[in-house]
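In the numbering used here, the protein residues as written are 2 to 278.
Heads up, the beta-carbon is just placed ideally off N, CA and C, and yes, glycines get one too.
In this text the structure is predicted, and so the values were computed from the model without any measurement.
Below is one structure, written out as structure tokens; the observations come after it.
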């Protein structure tokens, strides 16, 4: 990261820490950054600086037809696989493991299992999601970062954020007004905006727009904690808006830890049957 940005970020982080503890009336000072500095900051945040992650997660899931909450444990080997359990009313009802190729699960109540390609998750949700997307979201990281893209800083009415976008502001105006001619648009069909806190440069929100499918995805990193010098997610929300439905997911983390290796243990009892049979 640019040395100037490093110093600014450190000073601002200390300022926030002491202002919250000593004087609630102090006003935070916005950090001034140009496109290049903010892009470098995005690339720096995109790095995975630990190999293992663990957390308990309380999941709240809502759609037009479902309103459900459950608990989960998550073990992750970064860039390889994540696994865990799903619990309801203090009982473990399922075990799962996901890699970049596949997802497997065992359902204890039904005494069955399934094995599918990772794209199976996309078919359930109705939006194409890749392994990298879910991994980065679960870790509170940037998503969809491309080092070859020349990101642009754009201004909006909300001054609480510095916004870095994959495309020019006029494109987003077309999307908002539903005036984009998707068939004639020469740019990529996925448009991303990263929202950074103006006072700390912490990544707070990511918005994806997919006009060709009339889909938008909003990820909010609402709360974070520092554990072993790493910034980790504490509360995250995901909202997927589609023509026929809107999905809302809340993730409340607890007992987060990093670099404490936990092996992925997954097995299917011999007497379990395939859930799809």
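Inset, instruction - Say whether the segment 114-124 touches the segment 83-92, bearing in mind that this needs 3 or more beta-carbon pairs closer than 8 Å, one atom from each stretch. - result: no
Inset, instruction - Hey, could you find the ends of the beta strand (DSSP E) residue 71 is sitting in? - result: 68-78
Inset, instruction - Could you please give the first and the last residue of the uninterrupted alpha helix (DSSP H) stretch that includes residue 37? - result: 36-46
Inset, instruction - Excluding the 5 residues preceding and the 5 following residue 72 in the sequence, name in chain order all residues of the same chain whose CB lies nearer than 8 Å to its CB. - result: 57, 58, 59, 60, 87, 88, 89
Legend entry - Minimum length 4: unbroken alpha helix (DSSP H) runs contained in the segment 239-278: none
Legend entry - Residues near residue 215 in its chain [Cβ-Cβ closer than 8 Å; skip 5 each side]: 243, 244
Inset, instruction - Starting from the C-beta of residue 161, find all residues in its chain whose C-beta is less than 6 Å away, skip the five residues before and the five after it, and write them out in chain order. - result: 199
Inset, instruction - From the DSSP output, in three-state form, read off residue 152 for me. - result: coil
Legend entry - residue 98 beta carbon less than 8 Å from that of residue 279: The chain is shown only over 2 to 278; residue 279 falls outside these bounds and no answer can be derived.
Legend entry - At least 3 beta-carbon pairs within less than 8 Å: the segment 141-155 vs the segment 32-48: yes
Legend entry - Straight-line Cα distance separating residue 113 from residue 121: 17 Å
Inset, instruction - Kindly give me the distance between the Cβ atoms of residue 234 and residue 135, rounded to whole angstroms, as I take these residues to be in contact under 8 Å. - result: That pair is no contact at about 13 Å.
Legend entry - Own chain residues within Cβ distance below 6 Å of residue 193, not counting five before or after: 145, 167, 209
Legend entry - Per-residue DSSP class, three states only, for residue 1: What is shown of the chain runs 2 to 278, which leaves residue 1 out entirely.
Legend entry - Cutoff 6 Å; reference residue 64; Cβ partners in own chain excluding five residues on either side: 246, 248
Legend entry - Closest by C-alpha distance to residue 80, when choosing among 52, 203, 107, 241: 52
Inset, instruction - Could you name the residues that DSSP lists as bridge partners for residue 236? - result: 224, 253
Legend entry - Simplified DSSP assignment, three categories, for residue 103: strand
Legend entry - Straight-line Cα distance separating residue 229 from residue 262: 15 Å
Inset, instruction - Can you tell me which of the three DSSP states residue 165 falls into? - result: strand
Legend entry - Inter-residue Cα distance where the pair is residue 203 and residue 165: 13 Å
Inset, instruction - Kindly indicate which three-state DSSP category residue 31 falls into: helix, strand or coil? - result: coil
Inset, instruction - Mind checking which residues open and close the alpha helix (DSSP H) that includes residue 137? - result: 132-139
Inset, instruction - From the DSSP output, in three-state form, read off residue 200 for me. - result: coil
Inset, instruction - Could you tell me the boundaries of the beta strand (DSSP E) in which residue 61 lies? - result: 53-63
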